[in-house]
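A short write-up of the structure that comes next.
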Amino acid sequence: MYTEELITLSKAIDIQMESAAEEIKALLAYPDEELISIIKEVGFKCDLCARCCTQEFNDHVFLLDEDLKAIRETDPDAIEPAPYYELCDQHGNFYVSGYALKTQKDGSCIFLHDKRCTIYDRRPFICRLYPYMLHLEADEKGNIGWRQISGLDLHGCYHDDISDEECKTLAREIKNYEHAFLEQKVAFLEKARQHFEKNKLKHVQGVYDREMRKFNKGGKIKVFVFYSGAFEESSVGNNISL
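Under this note's numbering, the first residue of the sequence shown is numbered 24, with each subsequent residue one higher.
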């Protein structure tokens with residue numbers, strides 16, 4: 024039974040890695056001119072409303088490895104395991120592909136004060152590119168398509184004049200970010216497979232669900248976070264008691 028479950032885990036990881044590899048291929052093939060045209064047409068301009076820095080409008084700020092290094096140098100206590108853990112072993116340990124920025128009690132970014140970013144010159148990669156992005160995502164009907172803009176018409180100003188050179192730079196950096204994100208995901212999956220096989224672990228959805236119920240009632244969980252090719256152990260507690 025264990026061998027079958029291990030094979031199932033390996034196959035599941037293979038499927039995810041193949042999917043990520045296909046998305047990387049599609050990402051690199053996406054015409055720069057099309058992305059540049061979209062950036063030019065949208066013409067986003069920040070109006071300092073700070074809505075994009077809150078959980079109300081954006082779930083969390085995922086940190087690439089290069090982001091994490093800068094954040095740890097600024098404030099090592101400002102990070103936490105990214106939500107939506109990908110795996111859970113039979114012992115109740117969770118695994119996730121990276122870290123995220125913590126938020127304040129009101130749901131705003133830990134670095135947001137008086138509607139201003141206190142680390143603006145060192146802000147994470149995705150914050151510098153927002154609201155532009157480029158990845159494949161399913162819509163409400165399950166149809167997969169490209170998503171290039173986040174939060175359109177929810178905040179900020181639009182149709183500002185952006186120079187051709189700035190559009191080209193943004194397009195290049197958007198692709199670089201999405202590529203780095205997918206590469207980090209692939210590296211996480213490969214490391215997880217090695218770790219599970221070496222330590223005779225298996226992903227058990229029932230354990231995942233049970234531990235998350237405990238967590239949502241105020242319990243603590245152990246999370247192994249992928250960073251720079253290895254797992255770092257972290258303890259996460261939910262202060263909300265039901």
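Idealized CB from N, CA, C, for every residue including glycine.
message: Taking the beta carbon of C111 as the centre, do at least 16 other beta carbons fall within 10 Å, making it buried, or is it exposed?
response: As a first step, residue 111 is located in the sequence shown; it is residue number 88 there, counting from the start. Buried, because 16 or more other Cβ atoms sit within 10 Å of the Cβ of C111.
task: Kindly indicate the opening and closing residues of the beta strand (DSSP E) around S60.
output: The residue labelled residue 60 in the question sits at position 37 within the sequence shown. It is not in any beta strand (DSSP E) - S60 instead sits in the alpha helix (DSSP H) that spans D55 to V65.
task: For G168, name the three-state secondary structure that DSSP assigns.
output: Walking along the sequence shown from the start, residue 168 turns up at place 145. G168 falls in the strand class under three-state DSSP.
- request: Report the rounded CA-to-CA distance for I47 versus L205, giving the unit in angstroms.
  value: Position 24 of the sequence shown, counting from 1, holds the residue named residue 47. Position 182 of the sequence shown, counting from 1, holds the residue named residue 205. Taking the straight line joining both Cα atoms gives about 7 Å.
- request: Report the three-state DSSP secondary structure of L32 (helix, strand or coil).
  value: The residue you call residue 32 lines up with position 9 of the sequence shown. Note: L32 maps to helix in three-state DSSP.
query: Can we say the segment 58-76 touches the segment 164-181, given the rule of at least three CB pairs closer than 8 Å?
result: Between the segment 58-76 and the segment 164-181 there are three or more C-beta pairs closer than 8 Å, enough to call the two in contact.
message: Using a Cβ-Cβ cutoff of less than 8 Å, which residues in the same chain neighbour L265 once the five nearest sequence positions on both sides are dropped?
response: Here residue 265 refers to the residue found at position 242 of the sequence shown. Its pLDDT being 30, under 50, L265 is placed unreliably by the model, and nothing is read from it.
query: In whole angstroms, what is the alpha-carbon distance linking D37 and R216?
result: Here residue 37 refers to the residue found at position 14 of the sequence shown. Here residue 216 refers to the residue found at position 193 of the sequence shown. Each residue's Cα considered, the two are about 9 Å apart.
Rounded straight-line distance, which links the Cα of V84 to that of C150: As a first step, residue 150 is located in the sequence shown; it is residue number 127 there, counting from the start. As a first step, residue 84 is located in the sequence shown; it is residue number 61 there, counting from the start. So the alpha carbons of these two residues sit roughly 8 Å apart.
- prompt: How is P99 classed by DSSP in three states: helix, strand or coil?
  reply: Taking the first residue of the sequence shown as 1, we reach residue 99 at position 76. The three-state reading of DSSP puts P99 in helix, counting H, G and I together.
- prompt: Relative to the C-alpha of G115, which residue among I244, S258, V259 and E256 is closest?
  reply: Taking the first residue of the sequence shown as position 1, residue 115 is located at position 92. Minimum Cα distance to G115 is reached at I244.
task: Flag this pair as yes or no: are the beta carbons of L159 and I167 separated by less than 8 Å?
output: To locate residue 159, count along the sequence shown from 1; it is residue 136. To locate residue 167, count along the sequence shown from 1; it is residue 144. In contact: L159 and I167 (Cβ atoms closer than 8 Å).
For Q113 and V227, the rounded distance between their alpha carbons: In the sequence shown, the residue the question calls residue 227 occupies position 204. In the sequence shown, the residue the question calls residue 113 occupies position 90. Each residue's alpha carbon lies about 6 Å from the other.
query: Going by beta carbon distance, what residues of the same chain come within less than 7 Å of K138, once the five residues before and after it are set aside?
result: Translated into positions along the sequence shown, residue 138 becomes position 115. Spatial neighbours of K138 in its own chain (CB-CB distance under 7 Å, excluding positions within 5 residues in sequence) are listed in chain order as L71 and A73.
message: Suppose contacts are defined by Cβ-Cβ distances below 8 Å. Is D98 in contact with F148 by that definition?
response: Stepping through the sequence shown from its first residue, residue 98 is reached at position 75. Stepping through the sequence shown from its first residue, residue 148 is reached at position 125. Remark: C-beta atoms of D98 and F148 do not approach each other more closely than 8 Å.
- request: Just the C-alpha distance for G260 and Y108, rounded to the nearest angstrom, thanks.
  value: For the purposes of this step, residue 260 is taken as residue 237 along the sequence shown, with counting starting at 1. For the purposes of this step, residue 108 is taken as residue 85 along the sequence shown, with counting starting at 1. Cα to Cα, the separation comes out at about 14 Å.
field: Exposure of S258, with buried meaning 16 or more beta-carbon neighbours within 10 Å
entry: Position 235 of the sequence shown, counting from 1, holds the residue named residue 258. Result: exposed.
query: Any idea what DSSP makes of L110, helix, strand or coil?
result: Indexing the sequence shown from 1 puts residue 110 at position 87. Reduced to three states, the DSSP call for L110 is strand.
- request: Could you say which of I185, T126 and Y118 lies nearest to E64 if we only look at CA atoms?
  value: Numbered from 1 along the sequence shown, position 41 holds the residue referred to as residue 64. The candidate whose alpha carbon is nearest that of E64 is I185.
message: With H, G and I counted as helix, E and B as strand and the rest as coil, what does DSSP make of K240?
response: Here residue 240 refers to the residue found at position 217 of the sequence shown. Of the three classes helix, strand and coil, the one that applies to K240 here is coil, per DSSP.
- prompt: What's the gap between the Cα of F247 and the Cα of A93?
  reply: If you number the sequence shown from 1, residue 247 lands on position 224. If you number the sequence shown from 1, residue 93 lands on position 70. Whole-angstrom Cα-Cα distance: 21 Å.
message: I'd like to know if the segment 76-83 and the segment 114-131 are in contact, where contact means that at least 3 CB-CB pairs between them fall below 8 Å.
response: These segments touch.
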